[in-house]
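Below: the structure, in structure tokens.
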Amino acid sequence: MNLETKSTERLTIHDVRKGLASGSSAVALAERHYSCITETDPNVHAWLALTRERAMAQAECIDEQFHAGGEVANSVGLLAGVPVGVKDVLVMQGAPATAGSKILEDYQPPYDATVVTRLEAAGAVLMGKLNCDEFAMGSSNENSAYGPVKNPRSLEHVPGGSSGGSAAAVAAGNCVASLGSDTGGSIRQPASFCGVVGVLPTYSRVSRYGLIAFASSLDRVGPFARTVRDAAKVLSVIAGHDPLDATSSSRPVPDYVAELDASATRPASELRLGVPAEYFSDGLDPEVRTAVEGAIRQLGEKGCVVKPISLPHTRYAIPAYYVIATAEASANLARFDGVRYGYRAPAEEAKTLSEMYRRTRDKGFGAEVKRRIMLGTYVLSAGYYDAYYKKAQQVRRLITQDFLDAFKEVDAILTPTAPTPAFLLGEKSDDPLAMYLADIFTVTANLAGICGMSVPCGRSKTDLPIGLQILGKHFDESTVFRVAQMAEDLQ
Ligand code: GLN
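Count the sequence shown with this note's numbering and you get residues -17 to 473, in order.
Structure, rendered in structure tokens:
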């Protein structure tokens, strides 16, 4: 393997480690990735800010460690010299954190998110901040106040959302891995559209300190990568208890990569894989059906036990999600008032305090964010709370119970990640309901708190990627990685 000649679109974390250990330079590698960004980003628009100084300082430090040799070189972190991008809903000192919103245009966070600190401590080279839908609300990246991201596999198509920049940057060869957030599908769906791997860790597995909140009972941070193994590596770096996030779990973090290696020699027949009928209904695009069913059939041929299962409350998931997510968003976004962060309407436009609040929020938020704040405020209001918010919470419980029951019978569940391959830019941007339906197969895992991921499983006739979703029990990321690795090996 030659680090200098392999295209940045294909490099893995393992390649980087091997290359640096045999004398290649982390500085040169970072430079190559910045050149790639210069080349692709005028078309793709995945990046909102580049943190070149910080990246180069880290790359130089990694080069010194490798040059020192011996103990010092052996003790470099798991991600030493790996170029990584960070979704703009996570804060990183030295770069604005806009969350894709005008209201945070000039916000300079004075601290790093815990996941950022952990990446850097593991040796990662942080290249910059990645474009996303405003406050992570969207499924196409067209809701970014800074302009949409294009799918690097086909520039007329959306990359998915809301972490579209994170998926596109990995697909375009701009970085080897990236971080995104997933509240209802925002890691898995763009991973599926861009043909990369994306992981939704179990709720509470990864710290959210420094994540700009959307819906706190659903939000998770997780990795994008080119291979299942790379994703497992990044997750093992970012997962684990954080004293700064009281909602983070104190369960020990398994060594996901070691478990993946250990499982490679175990028989496939010990895996029972459930296929829920509700995820293969009439609305499913025929090419997605063919690719996903093909992958499932091949996993069966490898020896896995494939079982039909039922998740009967699936059809209530979208309405329940859009009540709960908007309710929580309306509360979380109340803090953007022109006083504490970012944009404030100028005094000549707003004479009183309440005028200032109103003008600031009117100018600062985009249409989708306003729609969600209004919806969320409505479902929480006196007289409607029981009919909407409370009912949605009850439905959420039933959806969770569906999964708990299914996981008595199977070790993992296989579904399409999204009902279609990437759609065209503009195709759904005037139809919020059609856009919300893009999340139909992903929101259930967020409601239930379970883990999952999307792994490429084929291409459409027009060469657009298709993703297989693998869902696992709470804290059973290891099984999800194991199944995903088998699916990846079929490609
Ligand atoms: N597309 C979904 C939404 O708009 C999910 C977003 C997300 O996971 N952040 O709410």
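Glycine is no exception: its CB is placed at the ideal position from the N, C-alpha and C atoms. The structure displayed is predicted, hence computed values, not measured ones.
From the options, residue whose alpha carbon lies closest to that of residue i
| i | options | result |
| --- | --- | --- |
| Tyr261 | His139, Ile300, Val235 and Glu252 | Ile300 |
| Ala103 | Asp387, Tyr370 and Ile44 | Ile44 |
| Ala95 | Ser163, Pro141, Gly454 and Gly82 | Ser163 |
| Asp227 | Leu193, Asn156 and Leu315 | Leu193 |
| Arg557 | Ala240, Pro225 and Tyr325 | Because the chain is modelled from -17 through 473, residue 557 falls outside the range shown and cannot be assessed. |
| Lys345 | Ser7, Glu331, Gln280 and Leu429 | Glu331 |
| Tyr367 | Cys157, Ile306, Val465 and Leu315 | Ile306 |
| Glu391 | Val288, Gly408 and Phe405 | Val288 |
| Val203 | Val73, Ala244, Glu87 and Thr(-6) | Val73 |
| Ala430 | Ala469, Thr399, Thr296 and Arg343 | Thr296 |
| Val26 | Ser189, Glu241 and Asn156 | Asn156 |
| Glu490 | Met109, Tyr298, Thr359 and Glu21 | For the chain, the structure presents residues -17 to 473; residue 490 sits outside this window and is missing. |
| Ala374 | Ala154, Tyr89 and Tyr298 | Tyr298 |
| Cys433 | Arg(-8), Ser263, Pro414 and Phe389 | Phe389 |
| Glu409 | Gly67, Ser121 and Val239 | Ser121 |
| Lys455 | Leu472, Tyr339, Thr229 and Arg254 | Arg254 |
| Ala39 | Gly177, Ser411, Ala106 and Phe206 | Ala106 |
| Leu415 | Pro91, Gly67, Glu350 and Ser263 | Glu350 |
Sub-7 Å separation of residue i and residue j beta-carbons
| i | j | result |
| --- | --- | --- |
| Gly180 | Ser442 | no |
| Val97 | Ile220 | yes |
| Ala28 | Ala150 | yes |
| Gly166 | Val361 | no |
| Val235 | Gly222 | yes |
| Ile278 | Leu396 | yes |
| Val131 | Pro141 | yes |
| Ala214 | Phe457 | no |
| Phe48 | Ala41 | no |
| Phe196 | Ala118 | yes |
| Gly146 | Pro172 | yes |
| Gly320 | Glu116 | no |
| Leu(-15) | Gly1 | yes |
| Pro401 | Leu293 | no |
| Val64 | Val9 | no |
| Asn113 | Gly143 | no |
| Val465 | Ala420 | no |
| Ile85 | Phe318 | yes |
| Leu406 | His139 | yes |
| Ala316 | Tyr371 | no |
| Arg326 | Thr342 | yes |
| Gly285 | Ala250 | yes |
| Lys111 | Leu30 | yes |
| Glu470 | Val188 | no |
Where residue i falls: helix, strand or coil (DSSP)
| i | result |
| --- | --- |
| Ser144 | coil |
| Asp94 | coil |
| Cys157 | coil |
| Gln451 | strand |
| Cys439 | strand |
| Ser(-11) | coil |
| Val181 | strand |
| Cys18 | helix |
| Thr209 | coil |
| Met338 | helix |
| Leu396 | strand |
| Lys84 | helix |
| Pro78 | coil |
| Arg254 | strand |
| Ala504 | This structure leaves residue 504 out entirely; the chain is present only between -17 and 473. |
| Val58 | coil |
| Ala327 | coil |
| Pro172 | helix |
| Asp471 | helix |
| Ala31 | strand |
| Met109 | strand |
| Gly204 | strand |
| His223 | coil |
| Ile300 | helix |
| Cys433 | strand |
| Gly1 | helix |
| Asp70 | coil |
| Lys289 | strand |
Integer-rounded CB distance, given that residue j should sit under 8 Å from residue i
| i | j | result |
| --- | --- | --- |
| Ile381 | Ala311 | Contact doesn't hold; Cβ gap of about 20 Å is too wide. |
| Pro403 | Ile448 | 6 Å |
| Ser231 | Ser186 | 4 Å |
| Leu101 | Leu137 | 29 Å between Cβ atoms; not a contact. |
| Ala12 | Ala37 | 5 Å |
| Gly82 | Tyr16 | With 8 Å as the limit, Gly82 and Tyr16 do not qualify as a contact, their Cβ atoms being about 22 Å apart. |
| Tyr418 | Tyr304 | 6 Å |
| Asp237 | Ile(-5) | The Cβ separation is near 15 Å, so there is no contact. |
| Gly440 | Gly276 | 7 Å |
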